[in-house]
Amino acid sequence: MNPKLPYVLLAGAAVIIFILSCMLLSRGRRSPSCESQPSTVEKTRSVSQSLVFADLTPEEMAQVVRYLQGNLGVQLVDASRAKPSDNCIASVDLQVPAKAEVLRFLDGGGARPAREALAVLYFGNQPEPNVTEYVVGPLPTPAYHRDVTVQKYGGKVPYHRRPVTGKEYMDINTLIRRELKKAPQFLTTCCESDGTDLAILTTAPRGFKSGDRTTWLVLFHNVAGTGYYLSPVGLEVLVEHRDLHASRWQLRKVFYNGRYFASTEDLEQEFLAGTLEVVRLKKPQADAVLGSMRPRYPPDSLGPLQFEPQGPRYSVRGNRVTYQGWSITFGMNPNSGPRLFDIRYRRERIVYELSLQEALALYGSNCPGGMSTRYLDGSFGIGRFAYELVRGVDCPYTATYVDRHYLAESDTPKTNQNSLCIFEHDSALPLRRHFSDSQSFYYGGLRKNTLVIRTISTLVNYDYIWDFMFHGSGAMEVRVHATGYISTSFLHGQGTNYGNRVGPHTLGTMHFHHMHYKVDLDVDGQLNFLETQDMEYEIIKDPWSTQNTIERPYLRRKRLEREDEAAFPLNAPLPRYLSFASPNPNKWGHPRSYRIQIISFAGKHLPINSSMERSVSWGRYQLAVTQRKEEEPTSTSIYNQNDPWTPTIAFADFINNETITNKDLVAWISVGFLHVPHAEDVPNTVAVGNSVGFFLRPYNYFNEDPSVDSPGSVYFSSEQDTRACGANPLACLPSTAACAPHLPPFHFGGFLNVSLAPPFGGV
């Protein structure tokens with residue numbers, strides 16, 4: 000035999016092994032190298048069912064604007080420069096079709112519902128100024144509009160309820176700057192400022208009764224590149240801005256260091272008379288100011304990186320995501336934020352609509368701005384201010400990033416590019432596993448991989464991370480993390496009764512976050528009932544020893560028949576198992592169900608006798624289940640913020656003891672937490688521990704855990720050679736896949752659409 004033959008055979012075998020390895024890797028949508036490229040969103044808007052829920056395109060928004068400009072018979076001023084006495088288009092968004100129409104189209108082969116837009120207009124140049132909402136259609140070429148205001152709200156929307164526009168904030172700021180010039184020596188002494196370099200932050204609501212439009216605004220030292228929210232100067236001003244003409248707006252009150260004054264002139268006079276106690280503040284420097292997020296040390300070695308060695312296992316097509324049995328349609332409301340529709344698992348619809356409704360932040364303080372603040376973030380724009388996400392920080396570097404478009408306070412559509420991300424997440428945790436050391440020896444397990452749809456809203460100081468997660472067990476998870484900066488007050492008097500001192504003159508004011516969601520579950524069909532299960536103990540005699548007793552736990556089942564029974568007050572005990580159930584049984588005779596499991600640490604709700612409680616009456620309940628009604632699409636309104644005393648929508652009215660047996664039902668879920676700021680909230684709040692949410696988990700919906708069908712399951716016994724590829728597929732990746740993936744170049748354009756006058760007041 001040729002002595003070189005063995006070496007030739009070995010070399011040939013090595014080549015064959017290498018080729019087979021490359022073929023194994025190339026089974027995905029990726030090249031056989033270890034490059035990890037993000038999946039691309041298909042640009043072609045194919046005719047698919049998911050488009051019935053698709054957000055408006057910039058072209059459609061522009062068409063609606065042109066139609067309204069030419070067909071309303073009134074002059075419309077661009078909202079970015081419109082005065083309160085002008086008419087303007089405030090916003091344009093998708094008008095979601097009625098559910099019955101959509102289901103006839105999706106499930107019954109019916110006609111596609113007309114594609115329509117909802118346009119909100121502010122009519123200030125009218126004998127009776129008002130807010131009007133029009134449905135405009137059909138798109139893409141509008142030919143009609145109809146006024147739906149009375150139909151939606153039971154009457155006209157008074158003009159004073161409209162959200163404050165960026166132009167109105169700019170005019171308020173101009174008034175404040177002018178008034179501050181009347182106290183020059185005070186400002187120089189207290190703040191080393193002439194007033195032009197101070198940041199101004201709004202509060203809300205605006206007054207004490209319906210029709211009021213007076214706002215406390217809080218002043219802070221402003222240092223570029225840092226969070227000014229931690230540097231209050233102790234000065235707050237009350238501005239009345241109800242009049243339609245900004246020239247007639249007035250500064251009504253001034254607050255400084257625990258005292259109230261009629262005007263800035265009075266403040267200056269008391270200072271010059273020596274009767275005012277002044278706290279002298281140095282203008283902070285960028286390298287020493289509280290709240291700076293600039294790195295203090297040079298970059299260290301990089302941490303672990305997530306990438307897909309064989310390409311993404313999910314697919315994004317238009318506004319629909321598919322992933323291992325899941326299909327989800329996603330979108331974004333410019334006011335209320337992220338919304339999902341037609342969520343299916345294994346082709347069965349589980350949820351028709353899952354949408355964020357509102358985010359409330361309610362503060363306490365001994366300063367007027369802090370003590371009166373109840374922010375309803377939907378009126379400012381939870382979806383509108385979901386900006387571009389940063390690769391590798393906000394989402395995995397190789398996630399799929401999607402642009403979102405909106406039209407608000409402008410006649411021109413805007414794009415927040417890369418403002419929603421989609422990725423598969425390795426939780427570094429088994430979804431399920433068992434190591435058998437009894438009778439036979441084996442191991443079985445499955446990695447907990449999850450599809451995540453994420454967007455992040457920046458509402459001036461706070462950043463909310465909105466996550467919607469889809470698990471291999473058929474469970475859905477909704478989670479929100481709060482980060483960003485705390486809002487503070489100037490520390491004076493007994494300020495620590497309302498929080499903790501976090502700086503030389505800075506009080507971290509206590510507050511609570513409260514988020515509200517709509518979950519329109521369709522569990523094995525539209526007609527569901529609500530079932531609760533919990534444990535109780537029964538004392539019985541031991542059957543085998545009757546002189547003894549035993550406390551035996553048993554399962555107490557109950558069907559809730561009426562809406563009043565299914566309205567569970569905040570912080571009251573909730574049944575441990577609470578499920579939306581179908582009349583249809585699974586293989587074992589139990590109703591096919593999905594369980595709602597809430598994780599929340601909410602603070603106390605406003606007292607029921609509060610004059611503004613009805614505007615946030617959804618916060619009374621951690622869970623309320625009602626009959627679904629087309630005329631009850633949302634639990635709140637953008638108009639509730641500026642008139643909470645006469646709310647445009649009061650959720651409490653939804654609960655009227657109607658039957659909830661075998662009806663199309665909606666779960667309204669509230670989650671939240673109390674936040675008492677502390678030293679570790681500086682420079683800003685970390686997400687760790689500041690998350691709440693809920694699960695929707697299958698409960699007898701299947702006949703077994705559906706993840707048993709996952710091709711990623713790992714199983715081996717003591718009789719196997721665990722070094723073989725079949726034991727753990729991850730061990731079989733060739734060495735080429737262990738190198739660093741090829742990452743797309745980093746680019747960030749998120750500052751392009753930031754308004755010069757942020758919605759909460761500006762600088």
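Each residue of the sequence shown is one higher than the one before, starting from 0 at the first, in numbering that gives the first Met the number 0. Yeah, the Cβ is synthetic: ideal placement off N, Cα and C, and Gly gets one too.
Taking 8 Å as the threshold (C-beta atoms), are residue j and residue i in contact?
| i | j | result |
| --- | --- | --- |
| VAL217 | LEU229 | no |
| ASN683 | GLY391 | no |
| ASN641 | PRO204 | yes |
| ASP410 | ILE637 | no |
| ILE464 | ILE452 | no |
| PRO412 | ASP92 | no |
| GLY692 | GLU387 | no |
| PHE715 | TYR442 | yes |
| ARG177 | THR195 | no |
| MET534 | GLY671 | no |
| PRO112 | PRO126 | no |
| LEU763 | PHE579 | Past the edges of the chain, shown from 0 to 762, lies residue 763, and the structure says nothing about it. |
| LEU359 | VAL675 | no |
| ASP521 | TYR351 | yes |
| GLU347 | THR164 | no |
| ALA182 | VAL222 | no |
State buried or exposed for residue i, treating a residue as buried only when at least 16 other CB atoms are found within 10 Å of its CB.
| i | result |
| --- | --- |
| GLN719 | exposed |
| CYS724 | exposed |
| ARG763 | Here the chain covers residues 0 to 762 and nothing more, so residue 763 does not appear. |
| GLN94 | buried |
| GLN184 | exposed |
| GLY210 | exposed |
| ASN702 | exposed |
| SER435 | exposed |
| VAL707 | exposed |
| GLY109 | exposed |
| LYS166 | buried |
| SER300 | exposed |
| PRO643 | buried |
| LEU428 | exposed |
| HIS470 | buried |
| TYR362 | buried |
| SER418 | buried |
| LYS586 | exposed |
| PRO743 | exposed |
| LEU430 | buried |
| PHE270 | buried |
| VAL119 | buried |
| GLY507 | buried |
| ASP341 | buried |
Spatial neighbours of residue i within its chain, please: C-beta separation below 6 Å, excluding the five flanking residues on both sides.
| i | result |
| --- | --- |
| ASN460 | TYR228, GLY483, TYR484, SER486 |
| VAL277 | THR188, CYS189 |
| LEU53 | The sequence given here places Ala at residue 53; Leu does not occur at that position. ASN318. |
| MET509 | GLY363, TYR497, GLY498, VAL675 |
| VAL46 | A caution first: VAL46 carries a pLDDT of 40, below 50, which makes its placement in the model too unreliable to give a value. |
| ARG551 | GLU537, ILE539 |
| ASN547 | ASP541 |
Thinking residue i and residue j are a contact (beta carbons under 8 Å), I'd like their distance in whole angstroms, please.
| i | j | result |
| --- | --- | --- |
| HIS404 | THR397 | Actually they do not touch by this definition, with Cβ atoms about 24 Å apart. |
| GLY473 | PRO710 | Not confirmed; about 16 Å, so no contact. |
| ASN699 | HIS589 | 4 Å |
| ARG145 | VAL156 | With 8 Å as the limit, ARG145 and VAL156 do not qualify as a contact, their Cβ atoms being about 16 Å apart. |
| VAL518 | ILE668 | 6 Å |
| VAL315 | THR399 | 5 Å |
| ILE659 | VAL624 | 6 Å |
| PRO141 | GLN74 | About 19 Å separates the two Cβ atoms, so there is no contact after all. |
Please go through the same chain and pick out, in chain order, the residues whose beta-carbon is closer than 7 Å to the beta-carbon of residue i, but skip the five residues on each side of it.
| i | result |
| --- | --- |
| TRP248 | LEU174, VAL238, GLU239, HIS240, ASP242 |
| TYR255 | GLY233, LEU234, LEU266 |
| PRO632 | none |
| CYS366 | GLU235, PHE254, SER488, PHE489 |
| PHE219 | LEU197, ALA198, LEU200, TYR227, TYR228, SER230, PRO231, VAL232 |
| THR225 | ALA285, VAL288, GLY290, SER291 |
Ordered along the chain, which non-local residues of its own chain (more than five positions away) have a Cβ less than 8 Å from that of residue i?
| i | result |
| --- | --- |
| PHE440 | SER716, SER717 |
Report the residue ranges of all beta strand (DSSP E) runs contained in full by the segment 440-500; include only those spanning at least 3 residues, in chain order. As far as the segment 440-500 is concerned, its whole beta strand (DSSP E) runs of at least 3 residues are 461-470, 475-483, 487-489.
Length at least 3, wholly inside the segment 41-101: the beta strand (DSSP E) runs in chain order: List check, beta strand (DSSP E) in window: 86-94.
Quick check on the DSSP output: what are the complete beta strand (DSSP E) runs of length 3 or more inside the segment 642-705, in order along the chain? If only complete runs of 3 or more residues are kept, the segment 642-705 shows the beta strand (DSSP E) at 662-674, 690-698, in order along the chain.
Curious, which full-length beta strand (DSSP E) runs of at least 3 residues does the segment 358-390 contain? Runs of the beta strand (DSSP E) inside the segment 358-390: 373-375.
Which whole runs of the alpha helix (DSSP H) in the segment 523-589 are 4 residues long or more, in chain order? If we require 4 residues or more, the segment 523-589 turns out to have no alpha helix (DSSP H) run fully inside it.
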